[in-house]
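Visitor:
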Amino acid sequence: MSLLSSVSVSGRGGGSVGVIDSNTFACVFNTIDSSARTKQFGALIASGWTPNNKDEAAVFLAHVYHETDGLKTMREYCAPGCGPQYSSSWCSINAAPGKYYYGRGWFQLSYSCNYYNAGQSLGVDLLNNPDLVATNLMIAVKTAVWFFKTNNMEGPARRGDFAATTRILNPIECNGGSGYQNQLTRVATYRRVRQCFNLGSPTINPIC
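Written as structure tokens, this is what we have:
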């Protein structure tokens with residue numbers, strides 16, 4: 001297994017991830033205690049990801065906030081009971097015996113295909129060890145960055161096109177689908193996060 005799974009994230013404060021400094025991170029994730037927030041920010045720094053501009057940073061962190069309830073959970077609240085609903089997938093990668101692929105990590109990674117492909121990219125066997133996405137903070141962050149990049153969310157994010165990124169991340173929220181009310185909460189979070197970056201109101205309609 002890759003050393004990635006045993007990385008110890010420093011709890012020290014300070015530092016920055018491009019346009020994201022510790023004060024901005026604290027503004028975004030304002031409902032967790034400072035110790036937990038410092039560890040999460042340290043993992044983001046250690047991940048090596050750097051946003052291209054404030055728009056990209058705001059889009060990424062707004063999705064993280066929404067998916068993790070402000071970094072309060074690294075697992076779907078329905079877990080493990082909702083595990084079986086993720087048993088089918090769109091690729092030929094079958095679930096490992098006794099393993100479930102419900103949402104985990106900063107982007108609530110789900111389905112065996114994503115666990116397998118993210119694991120291949122990171123050098124970690126996530127198909128057989130899916131809970132690492134929830135229990136290892138570095139992996140929780142890196143799987144989100146992997147999904148963000150692999151699914152081409154960077155381009156629309158840099159333009160401030162939040163709706164386009166929501167359509168990629170959770171399409172059932174779009175076009176008045178079953179998750180539409182959930183999308184409204186996500187968009188409200190995005191509007192607040194933009195304020196943390198002094199970006200003002202979105203210039204592109206954030207509702208998909």
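Using UniProt numbering, you'd call the opening residue of the sequence shown number 1 and step up by one each time.
Just so it is clear, CB atoms sit at the ideal spot from N, CA and C, and this is done for glycine as well.
Can you give, in chain order, each stretch of the alpha helix (DSSP H) that sits fully within the UniProt domain "Glycoside hydrolase family 19 catalytic" (36 to 156) and has at least 4 residues?
Guide: 54 to 68, 112 to 122, 132 to 135, 137 to 150
Visitor: Verify whether the separation of the beta carbon atoms of S110 and E76 is less than 9 Å.
Guide: In contact: S110 and E76 (Cβ atoms closer than 9 Å).
Visitor: Output yes or no for whether 9 Å exceeds the beta carbon distance between A96 and P130.
Guide: Taking a C-beta distance under 9 Å as the contact criterion, A96 and P130 qualify as a contact pair.
Visitor: Write down the C-beta distance between W146 and A118 rounded to the nearest angstrom, noting that I regard them as a contact closer than 8 Å.
Guide: W146 to A118, Cβ: 5 Å. Contact.
Visitor: Give me, in chain order, the residues of the same chain whose beta-carbon lies closer than 7 Å to that of S8; leave out the 5 immediate sequence neighbours on both sides.
Guide: The predicted position of S8 is uncertain, since its pLDDT is 40 and thus under 50; no value can be drawn from it.
Visitor: Who are the near neighbours of R158 in its chain, counting only those whose CB is closer than 7 Å to its CB and skipping five residues on each side?
Guide: N52, N53, D55, E56
Visitor: For D30, I'd like the list of residues in its chain whose CB is within less than 8 Å of its CB, leaving aside the five on either flank, ordered along the chain.
Guide: Inspection of the sequence shows that residue 30 is occupied by Asn rather than by Asp. Same-chain partners within the cutoff: G70.
Visitor: Going by DSSP in three states, V17 sits in which element: helix, strand or coil?
Guide: strand
Visitor: If you reduce the DSSP assignment to three classes, tell me which class N30 lands in.
Guide: coil
Visitor: Does T166 pass the burial test, meaning 16 or more other C-beta atoms within 10 Å, or should it be called exposed?
Guide: The residue is buried, with at least 16 neighbouring Cβ atoms inside 10 Å.
Visitor: Could you have a look at T166 and say whether DSSP puts it in helix, strand or coil?
Guide: helix
Visitor: Taking the Cβ atom as the reference point for each residue, do G18 and G42 lie within a distance shorter than 9 Å?
Guide: no
Visitor: Tell me which residues share the same chain as R37 and place their Cβ nearer than 8 Å to its Cβ, disregarding the 5 neighbours each side in the sequence.
Guide: F25, A26, F29, L71
Visitor: For K99 versus L122, is the C-beta distance shorter than 9 Å?
Guide: No, the pair does not count as a contact, with Cβ atoms beyond the cut-off.
Visitor: How is Y190 classed by DSSP in three states: helix, strand or coil?
Guide: helix
Visitor: Let me know if Q195 comes out buried or exposed under the rule of 16 or more other beta-carbons within 10 Å of its beta-carbon.
Guide: Looking at its Cβ environment, which holds fewer than 16 other Cβ atoms inside 10 Å, Q195 is exposed.
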